[in-house]
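Q: My structure is below; once you've seen it, I'll send some questions.
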Amino acid sequence: MERVSIEESVNTLSIQEIEQKKEQLREMVQEIAKASKSENTKKAYRSDWNRYTTWCNQMQCIHLPATDDTLSMYFADMMMVGYKTSTIIRALSTIQEAHRKAGHPFNATPILDSVVQGMKRLNGVKQKGKEPVKADLLIKLIDQIPVDDDLLHVRDRFLLLFGWSSSMRRSELVNLNVEDIQEEKTGLVVHLQKSKTDQESAGRWIGIPFGDHPTTCPVLAYQKWIERSGICEGAVFRAVNRHRQVRARRMNAESINTILKKHISAAGLKEEDFGAHSLRAGYVTTAREMNVPDHVIQGQTGHTSTVMLDRYTRNKPFSKNNSPKLGL
Numbered sequence: 535m536e537r538v539s540i541e542e543s544v545n546t547l548s549i550q551e552i553e554q555k556k557e558q559l560r561e562m563v564q565e566i567a568k569a570s571k572s573e574n575t576k577k578a579y580r581s582d583w584n585r586y587t588t589w590c591n592q593m594q595c596i597h598l599p600a601t602d603d604t605l606s607m608y609f610a611d612m613m614m615v616g617y618k619t620s621t622i623i624r625a626l627s628t629i630q631e632a633h634r635k636a637g638h639p640f641n642a643t644p645i646l647d648s649v650v651q652g653m654k655r656l657n658g659v660k661q662k663g664k665e666p667v668k669a670d671l672l673i674k675l676i677d678q679i680p681v682d683d684d685l686l687h688v689r690d691r692f693l694l695l696f697g698w699s700s701s702m703r704r705s706e707l708v709n710l711n712v713e714d715i716q717e718e719k720t721g722l723v724v725h726l727q728k729s730k731t732d733q734e735s736a737g738r739w740i741g742i743p744f745g746d747h748p749t750t751c752p753v754l755a756y757q758k759w760i761e762r763s764g765i766c767e768g769a770v771f772r773a774v775n776r777h778r779q780v781r782a783r784r785m786n787a788e789s790i791n792t793i794l795k796k797h798i799s800a801a802g803l804k805e806e807d808f809g810a811h812s813l814r815a816g817y818v819t820t821a822r823e824m825n826v827p828d829h830v831i832q833g834q835t836g837h838t839s840t841v842m843l844d845r846y847t848r849n850k851p852f853s854k855n856n857s858p859k860l861g862l
């Protein structure tokens, strides 16, 4: 069949068909635009907008279009309440986007610029990260979990060891399926279907080798979880109820944070100093202390620049150690 060019195809359409075609394309553009941001980003933007409109209603200010006076007072109020500068700047971006979509011009003004710059100077723009779970702390957490066949204990040991060794984000962990993990002679090969820095869904592979010690080996922890849970397909990380039964549903990302904090508290440390990212930060910090090359760490974490590794690294300078081992 002879191939028809776009130009020739359009020329053969009637006026009505052209209008229908345009409408279809506009709908497709909207769907494509929706896919440009992750669900977490969309959720954050919705929260920003709801917070802003609620404040405007309480203060009897017009939220759209907003005046410099309204925005300046709103950001000052956010700062007084204790919001981070990064959160305030994101709120500004959300409000700007809402104005653009509504057809209202939103140009930076000297007044607004001075308020934003002043907040950066007063608050600072550096984000305070959670404390890292380095190898020695991870071992301490694992040692306090009984080595038995209790499903909850087996699941938690696997979660902490696998989460740390893979250096995966919690959203990546909960989205893992059994089909994404292959057992090899040297360890596990994990296929990440999609991640935060892989918006095109090209996917990537990471390896998790056997550990030196059976009690802290992430591969053995995975094998025991699969054996005891009976999971043969679908979600790897699942909830375990009080009757020690594995639930069919996939674990949510916040549960990883809750589980880690539970074991942090049991170790006598402050829960608020740690978060789900502490596992990922701990892996990066430990690897850098052991002088593992940055490009090797990036291959595991998926970071596209060493700047991001710097943000995850919690202590400097690093100890000199030529061993590539990370302590497990």
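Letter by letter, the sequence shown follows residues 535 to 862 of this note's numbering. Just so it is clear, CB atoms sit at the ideal spot from N, CA and C, and this is done for glycine as well.
1) Kindly indicate which three-state DSSP category Arg-781 falls into: helix, strand or coil?
2) Can you tell me whether His-837 is helix, strand or coil according to DSSP?
3) On the DSSP letters alone, give me the boundaries of the alpha helix (DSSP H) that Ile-676 sits inside.
4) Anyone know if the C-beta pair for Gly-768 and Asn-711 falls short of 7 Å?
5) Do the region 636-645 and the region 778-794 meet, that is, are 3 or more Cβ pairs less than 8 Å apart?
6) Between the alpha carbons of Ala-578 and Ile-645, how many angstroms are there, rounded?
7) Is the separation between the beta-carbon of Leu-707 and that of Gly-721 shorter than 7 Å?
8) Quick check on Thr-575: buried or exposed, where buried means 16 or more other Cβ atoms within 10 Å of its Cβ?
9) For Ser-701, count neighbouring Cβ atoms within 10 angstroms of its own Cβ and tell me buried if that reaches 16, exposed if not.
10) Do you know how far the Cα of Arg-814 is from the Cα of Glu-805?
11) Please go through the same chain and pick out, in chain order, the residues whose beta-carbon is closer than 7 Å to the beta-carbon of Lys-796, but skip the five residues on each side of it.
12) Gly-737 and Leu-726: beta carbons closer than 7 Å?
13) Quick check on Val-544: buried or exposed, where buried means 16 or more other Cβ atoms within 10 Å of its Cβ?
14) Does the ligand GTP have even one heavy atom less than 6 Å from the beta-carbon of Arg-772?
15) Starting from Gln-630, trace the alpha helix (DSSP H) in both directions and tell me its first and last residue.
16) Just how far apart, CA to CA, sit Trp-759 and Asp-684?
17) Beta-carbon within less than 6 Å of Cys-590's beta-carbon, same chain only, minus the 5 sequence neighbours each way: which residues are those?
18) Whether or not the region 544-559 and the region 600-607 are in contact is what I'm after, with contact meaning three or more pairs of Cβ atoms, one per stretch, closer than 8 Å; do they touch?
19) Determine the closest residue to Ile-673 out of Ser-705, Thr-750, Tyr-617, Ile-793, with distance taken between C-alpha atoms.
20) Short check: CB of Gln-678 to CB of Ala-800, under 7 Å?
21) I need the DSSP call for Glu-542, collapsed to helix, strand or coil.
22) Kindly indicate which residue of Phe-771, Ile-831, Met-612 has the alpha-carbon position closest to the one of Asp-714.
23) DSSP three-state label for Asn-825, please.
24) Out of Gln-594, Ile-765, Gly-802, Tyr-586, which one is the CA nearest neighbour of Leu-609?
25) Can you grab the Cα-Cα spacing for the pair Gln-550 / Ser-606, in whole Å?
A: So, from the listed chains and residues:
1) Residue state, collapsed to three classes: strand.
2) coil
3) 669-677
4) Yes, the pair counts as a contact, with Cβ atoms nearer than the cut-off.
5) no
6) Pairing Ala-578 with Ile-645, the inter-Cα distance amounts to about 26 Å.
7) no
8) exposed
9) For Ser-701, the number of other beta carbons within 10 angstroms of its own is at least 16, and it is reported as buried.
10) 16 Å
11) Within the same chain, no Cβ atom closer than 7 Å to the Cβ of Lys-796 is found once the five residues on either side in sequence are excluded.
12) yes
13) At Val-544 the pLDDT is 48, less than 50, meaning the model places this residue with poor confidence and gives no usable figure here.
14) Inclusion of the ligand GTP in the displayed structure is not the case, the ligand content being empty and no account of it being possible.
15) 619-635
16) Each residue's alpha carbon lies about 10 Å from the other.
17) His-597
18) no
19) Between Ile-673 and the set Ser-705, Thr-750, Tyr-617, Ile-793, the nearest pair of CA atoms involves Thr-750.
20) yes
21) Residue placement at Glu-542 is poorly supported in this model, since its pLDDT is 48, which falls under 50; the coordinates still yield a value, given next. It is helical.
22) Phe-771
23) coil
24) Per the sequence presented here, residue 609 reads as Phe, with Leu not at that position. Per the Cα distances, Tyr-586.
25) Each residue's Cα considered, the two are about 49 Å apart.
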